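Take the sequence shown: its position 48, counted from the start at 1, is 48 in full-length UniProt numbering, and no numbers get skipped.
Glycine included, every Cβ here is placed at the ideal spot set by N, Cα and C.
Keep in mind the model is a prediction, meaning the values are calculated, not measured.
Working notes, beginning with the structure itself.
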Amino acid sequence: MQPLTPEQSVTLSRWRARALQTTPFYAPILFALRPVNTTVVGSFAVDEKWRLYINFNAIEADPDFTDDMCAQGLIHECGHIVGDHFSRTRDYMGAQHRNVILRKFANIANDIAINDWLAEIGLRELADYGYTSSKMGLPPRQTPEVYYDLLTKNRDDGDDDGAPEVIDGCGQGGGGVDVPGGDLADAVDSGVDPIRQQAVMVSTANAIRTADPKMIGSARGDFLDTITGTIAPKPIPWQRILGAHFRRAAHRVAGNTDVSMQRRNRRRPGFVTPSGTTVILPGYVRHVADVLCIRDTSGSMGEELAEATAQISAIGKQLGIDGDHLRFVDADVDIYSVKRLRAATDLSEISGRGGTDMAQAIVSAVAVTPRPDIIVVMTDGATRWPEHPVGVPVIACLIPAGGYRPHDPPSWIKTVRIAM
1 MQPLTPEQSV TLSRWRARAL QTTPFYAPIL FALRPVNTTV VGSFAVDEKW RLYINFNAIE
61 ADPDFTDDMC AQGLIHECGH IVGDHFSRTR DYMGAQHRNV ILRKFANIAN DIAINDWLAE
121 IGLRELADYG YTSSKMGLPP RQTPEVYYDL LTKNRDDGDD DGAPEVIDGC GQGGGGVDVP
181 GGDLADAVDS GVDPIRQQAV MVSTANAIRT ADPKMIGSAR GDFLDTITGT IAPKPIPWQR
241 ILGAHFRRAA HRVAGNTDVS MQRRNRRRPG FVTPSGTTVI LPGYVRHVAD VLCIRDTSGS
301 MGEELAEATA QISAIGKQLG IDGDHLRFVD ADVDIYSVKR LRAATDLSEI SGRGGTDMAQ
361 AIVSAVAVTP RPDIIVVMTD GATRWPEHPV GVPVIACLIP AGGYRPHDPP SWIKTVRIAM
């Protein structure tokens, strides 16, 4: 594993310039790849850190590797990056990913999808050199997942955990066997960090959208679908969203300090009047939020209701809200007995199991004594909601159940969608 020499850098620049003539939309990736000179790959390979491994010795010794062939080799490796083959292969292989032989088949499946596209847009040198659907007797224009299933059908090669000293495939970035000596590669170049990778993918997606359709061919939609899936914001777990709403409301209440004679003022415990009377000053006390949780017991929810209850209990405990300050009521249309959380068994029994009207339940909850500072509603959403704010912050946990399409709460209610 070595950095490129000045001569090798010039050679790579020449290949990259040729690649840009036919696939200019790959410019963001081509300039982001980190080149490493090595003899542990057959010709070109990539890894998940976007390091581009090049065996200059093997390429210079093989007359088939012309400048055009090497330019197409760069385009091919960009295809693995755009296809997110590092993660995608792990998804479709599952537990089989531990099998080195099957990972080679996965690399071939990914290669076929790329090389068929290269042939379609007129870049035949690498396509003729490598794997294509026609060479393998497989149907054209299929996904890597389909090609992998067809290639491995009825095969039983057993497990092979050995790693070869030299790999013929495109490395783990291409869905294949890991490039040996990854630690040594770190000493040459640490690669591209995930944030930078995502920025490059956004630029690539924009370039593909504006490129000449003839230049991309039928793969344009596939590229954009894959890139969109790669750069799409990852969904935030509902537990974090619920926790954020809960904490924000609780902290707002906790900020409302009061004074009490039960606690002496720390800064100025008291003073003596001119007449000699000692006056003790009251101290400040922090208000602990009173939380009332309404559990929809209409009969359409099961494990999800228990999970949401457990989450609220855990968050409340972190905030010091428990016992008399964390109360649960079961409701369908009517409000049933108020339960204070002191143990998990306190909430094991559920009252009600009738129809659902959270609008009425919320209004009734506001009238509970002592008046709650925060109301949390756990429901499947198949209910009415109050039309106007009720004077207390309300958090709605919408739990999917029974195929219902939840009725969206009004904007003044903070909404958390529970996905189990």
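Endpoints, beta strand (DSSP E) assigned at residue i
i: Val36; result: 34-37
i: Ile395; result: 394-398
Residue range of the alpha helix (DSSP H) that includes residue i
i: Tyr131; result: Here Tyr131 belongs to no alpha helix (DSSP H), and DSSP marks it neither H nor E.
i: Val202; result: 194-210
i: Thr22; result: 6-22
i: Gly79; result: 67-82
i: Asp91; result: 85-93
i: Glu145; result: 144-152
i: Ala365; result: 358-366
DSSP state of residue i mapped onto helix, strand, coil
i: Ile31; result: For the sequence presented, residue 31 should be read as Phe rather than Ile. Three-state result, Phe31: helix.
i: Met378; result: strand
i: Phe246; result: helix
i: Leu123; result: coil
i: Val279; result: strand
i: Phe271; result: strand
i: Ile294; result: strand
i: His325; result: strand
i: Val416; result: strand
i: Leu52; result: strand
i: Asp47; result: coil
i: Val41; result: strand
i: Asp330; result: strand
Beta-carbon gap between residue i and residue j smaller than 9 Å
i: Pro22; j: Ala71; result: Position check: residue 22 holds Thr in this sequence, whereas Pro was assumed. Yes, the pair counts as a contact, with Cβ atoms nearer than the cut-off.
i: Met1; j: Gly173; result: no
i: Phe65; j: Ser43; result: yes
i: Ala106; j: Gly171; result: no
i: Glu48; j: Ser87; result: yes
i: Pro363; j: Pro389; result: Note that residue 363 is Val in the sequence shown, not Pro. In this structure, Pro389 does not lie closer than 9 Å to Val363 by Cβ.
i: Arg327; j: Asp290; result: yes
i: Pro400; j: Val188; result: no
i: Asp322; j: Asp380; result: no
i: Gly243; j: Ile195; result: no
i: Ala250; j: Leu184; result: no
i: Gln142; j: Ser134; result: no
Same chain, Cβ closer than 8 Å to residue i, five either side skipped, listed in chain order
i: Gly130; result: His76, Asp111, Asn115
i: Gln197; result: Ala32, Trp50
i: Pro144; result: Gly83, His85, Arg88, Thr89, Tyr92, Ala106, Ala109, Asn110, Ile112, Ala113, Gly175
i: Arg268; result: Leu281
Residues near residue i by beta carbon distance below 6 Å, same chain, minus five either side
i: Cys397; result: Ala308, Met378, Val416, Ile418
i: Val394; result: Ile375, Ile413
i: Tyr53; result: Val36, Thr38, Val41, Ala45, Val179
i: Cys78; result: Tyr26, Ile29
i: Met358; result: Val377, Thr379, Thr383
i: Asp161; result: In this prediction, Asp161 has a pLDDT of 47, which is less than 50 and means its spatial position is unreliable; what the coordinates show is noted afterwards. Answer for Asp161: no residue qualifies.
7 Å CB neighbourhood of residue i in its chain, flanking five on each side removed
i: Asp68; result: Arg18, Glu125
i: residue 503; result: As displayed, the chain neither begins before 1 nor continues past 420, which places residue 503 out of reach and without an answer.
i: Leu151; result: Phe105, Ile108, Ala109
i: Ser272; result: Just to set this straight, residue 272 is Val in the shown sequence, not Ser. Within the same chain, Val272 has close Cβ partners Thr278.
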